[in-house]
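Here the sequence shown is numbered in the UniProt record's numbering, starting from 1 and rising by one per residue. Just so you know, even glycine gets a beta-carbon here, dropped at the ideal spot from N, CA and C. The next block holds one structure in the form of structure tokens; read it before the comments.
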Amino acid sequence: MNTLTQILRGLLFFVLTLFGMAMAFIFMVSTAIAIGVLYIVARIKGRPFGVRAYWDSRRPPAPARSFKNKDVVDVEMREIP
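Given below as structure tokens:
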């Protein structure tokens with residue numbers, strides 16, 4: 001009886017493993033399809049496709065600096081006894 005239980009547990013584990021691998025494969029394929037669609041849409045619209053382009057479009061513009069002298073240094077010094 002113990003052998004039969006072990007075989008059934010092994011079979012259940014094997015079936016669950018195959019089911020998990022199938023789910024992972026479907027997830028990878030659907031992700032690849034989604035990235036492909038995003039790439040095609042970006043090419044059609046004439047925009048670059050990549051992480052840097054996305055990050056640059058989402059980041060707020062940097063504030064303009066109005067230094068007349070470019071050699072401005074801000075240093076705080078302390079004496080250590």
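The Cβ atoms of residue 49 and residue 43 sit closer than 8 Å to each other.
If you draw a straight line from the Cα of residue 10 to the Cα of residue 22, it is about 18 Å long. Counting along the chain, the unbroken alpha helix (DSSP H) around residue 19 starts and ends at 2-45. Per DSSP, residue 56 is one residue of the alpha helix (DSSP H) stretching across 51-58. If you draw a straight line from the Cα of residue 40 to the Cα of residue 7, it comes to about 49 Å.
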